[in-house]
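Below: the structure, in structure tokens.
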Amino acid sequence: MTSLETRIFRSAARTFEELTFLFTERGEDLPDVACPGAREKCGRAQATIVFTGPLDGQLLLRVSENLLPELAANMLGEDDQRPESERWDALGEVANVVCGNLLPGLAGNKAVFRLQAPRMEACGVEETPPEHLKARVPFTLEGGCVELLLCVRGELPDLPPPSGDG
Amino acid sequence: MSLNVLVVDDSAVMRQMIIKTLRLSGVPLGEILQAANGQEGLQALNAHWVDLALVDINMPVMDGEEMISRIRADAMLADLPLVVVSTESSETRIESLAKQGARFVHKPFTPEILRNTIIGLTGVSNDQPGDADFPVSGPDF
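So the protein sequences, as listed, match chains A and B. Take 44 as the starting number for the first sequence in my numbering and just add one per residue. Take 2 as the starting number for the second sequence in my numbering and just add one per residue.
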């Protein structure tokens, strides 16, 4: 993984673990597409966070739809019969936390960003990559597929190498 | 003393998580009010007696920064204890909020952190002498 991909993965893994109690299954030796066939076989749900500030862009969080019930249920610590709206809201909140925790690592701790409210939608097979795509990080999460895409207008600043394990 | 609490966050799931944490925290609670943005939050503050507000930053309609500025500019609300619960990591923005007297809790948060922040800000706790353990343990929220 590149330094950028590592940062995205770490931010996502920590958020999923601490907010939803779901654990990632990606290791350094796993292939880039850790969920083969996901794009064709899984219905997918997507949350988009548009951000502005020192960097302008968006973070897309895509999960296979089988994960949606677990997200809301785990966040609220209750059964998985949560209303449909809460399932989507939970996905949006996870994307919001991932994005909020990721951006300072890209632009510095003093940078001030504005994050728009999450936009949620079902998504099918990706025909063309989104504009300004800088990184795509796929991984699996306790039986579901997750993919994060970071899109930023212009050039990213140089990132220091990630420290610790990946 | 029971606290009337206002929770302001555009995510209904996050509001429920915060309220659940409050209920498990041992902090004595009165009425719990909810708002989905700063504007709704101000309306709730004008319509109800509130002892403590937990406020997100990034919200549609009116964000948390503007809501807090308006609270501090309102003579009737200026002394309201405020806790910002947000993904915000900008030192610049956190310092700005601290200057307005708001405490900060970063998402994802642990129940212990939220509880200790509220007790530190309000001085209100149900704990008996010697009861140092939080009733909830486990992963972060």
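Every residue, glycine too, gets a C-beta built ideally from N, C-alpha and C.
- Following the DSSP letters along the chain, one finds Gly100(A) in no alpha helix (DSSP H) but inside the beta strand (DSSP E) bounded by residues Gly100 to Ser107.
- Distance from the Cα of Glu68(A) is smallest, within the candidate group Pro112(A), Pro126(A), Val189(A) and Ala178(A), for Val189(A).
- Rounded to whole angstroms, the separation of the alpha carbons of Ser70(B) and Ala99(B) is 12 Å.
- Per DSSP, Leu43(B) is one residue of the alpha helix (DSSP H) stretching across Gly39 to Ala48.
- Considering only beta carbons, no part of the segment 186-200 of chain A lies closer than 8 Å to chain B.
- No residue range can be given for Ile58(B), since it is assigned to no beta strand (DSSP E) and is classified by DSSP as neither H nor E.
- Residue state for Val28(B) is assigned as coil, using DSSP reduced to three classes.
- With 16 or more other CB atoms across the displayed protein chains lying within 10 angstroms of its CB, Phe182(A) is buried.
- Residue pairing by DSSP places Met163(A) opposite Ala90(A) in a beta bridge.
- Contact with chain B is found for Glu136(A), since one of that chain's Cβ atoms lies less than 7 Å from the residue's Cβ.
- Close to Thr88(B), with beta-carbon spacing below 8 Å, are these residues of chain A in chain order: Asn139, Val140, Cys142, Gly143, Asn144 and Leu158.
- Beta-bridge partners assigned by DSSP to Phe182(A): Val189(A).
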